[in-house]
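Numbering (the working numbering), first residue to last: 251 to 516.
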């Protein structure tokens with residue numbers, strides 16, 4: 251088990267009525283899309299280890315999604331070029347932890363995994379639904395990329411109890427309506443027994459129920475549309491802290507609005 255914990259939980263979704271209510275979507279500025287926090291180096295290094303050890307369990311892409319992957323890589327590089335902690339010269343990126351990353355445009359998702367903390371999912375419209383056609387998912391919150399790959403949104407979220415048919419329709423409408431350069435975001439929060447970021451789980455597997463003294467795991471989830479390919483990008487920035495590290499205000503609000511102790515991805 252690898253323990254990588256942030257010092258604080260920047261946003262606690264149980265603190266406001268808007269973010270508690272599903273799907274809890276809010277507008278996001280492009281310059282706030284990608285985040286770099288105090289565990290940047292530890293998370294990207296853990297990703298590199300997982301890519302070596304887990305292979306296609308954490309990275310898959312269809313040929314259909316390759317153009318979208320390259321477009322996304324170019325977009326991320328453009329965003330990082332404006333970030334004070336990155337230094338970009340052509341396809342060489344100097345990262346906040348002092349690494350020089352050579353961008354491989356033939357393998358865009360792998361390159362992205364070494365530049366940003368966020369996991370990335372690419373979804374493309376097939377008939378009436380968006381389908382998962384590419385992903386680098388090193389930090390799954392109790393779901394399996396193998397089971398969800400090339401499946402539509404409603405199947406990705408099955409069997410999440412709170413993801414009702416009405417919620418599914420609302421989320422699909424969000425993916426249809428999101429505009430380039432105008433991303434949307436939401437956050438979730440779950441209790442976990444341990445801080446490991448790599449927590450895959452198949453539909454048949456149970457997960458240990460954590461105690462109140464375990465860890466809080468929160469995903470900052472963003473939806474962005476790529477202007478050229480029209481693909482949607484679902485990005486996930488994961489924060490894990492010990493429950494004891496919550497502020498007094500966060501802990502008090504959590505007692506009033508308890509979060510789930512079993513997994514509900516997205």
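Ideal Cβ positions, reconstructed from N, Cα and C, are used throughout, including at glycine.
Could you tell me which whole alpha helix (DSSP H) segments of length 4 or greater appear in the stretch 409-495?
Here the runs fully enclosed are 415-427.
Starting from the Cα of residue 321, find the closest Cα among 384, 275, 292 and give me that residue.
Considering only alpha carbons, the answer is 384.
DSSP bridge partner residues for residue 380 (one or two, in chain order)
According to DSSP, residue 380 bridges with 375.
8 Å Cβ cutoff met for residue 264 and residue 503:
With respect to residue 503, residue 264 sits close: the two C-beta atoms are nearer than 8 Å.
Leaving out the 5 sequence neighbours to the left and right, which residues in its chain are closer than 7 Å to residue 395 when beta-carbon positions are compared?
Excluding sequence neighbours, residue 395 sits near 307, 308, 310, 385, 387.
Could you give the C-beta distance for residue 465 and residue 491, rounded to a whole number, given that I count them as a contact under 8 Å?
Confirmed, about 7 Å.
What alpha helix (DSSP H) runs, 4 residues minimum, are completely inside the stretch 308-364?
Annotation note: the stretch 308-364 contains the following uninterrupted alpha helix (DSSP H) runs of length 4 or greater, listed N- to C-terminal: 316-331, 358-363.
Hey, how far is the Cα of residue 297 from the Cα of residue 288?
Rounded to the nearest angstrom, the two C-alpha atoms are 16 Å apart.
Helix, strand or coil for residue 251, going by three-state DSSP, please let me know.
Three-state result, residue 251: coil.
If we ignore side chains and look at the alpha-carbon of each, how far apart do residue 220 and residue 449 end up?
No information on residue 220 is available, as it lies outside the stretch 251 to 516 that the chain covers here.
Start-to-end residues for the alpha helix (DSSP H) that takes in residue 299:
Looking at the DSSP string, the run of the alpha helix (DSSP H) that includes residue 299 is 290-304.
Give me the Cα-Cα distance between residue 273 and residue 315, rounded to the nearest whole angstrom.
One C-alpha to the other measures close to 26 Å.
C-alpha distance - residue 326 paired with residue 313, whole-angstrom precision:
One C-alpha to the other measures close to 20 Å.
Please classify residue 385: does DSSP put it in a helix, a strand, or coil?
The three-state reading of DSSP puts residue 385 in strand, counting E and B together.
Taking just the CA atoms, how far does residue 281 sit from residue 482?
Between residue 482 and residue 281, the C-alpha separation is close to 18 Å.
Which partner residues of residue 391 appear in the DSSP bridge assignment?
Residue pairing by DSSP puts residue 391 in a beta bridge opposite 449.
How about residue 472 and residue 278: are their beta carbons less than 8 Å apart?
Yes, the Cβ-Cβ distance between residue 472 and residue 278 is below 8 Å.
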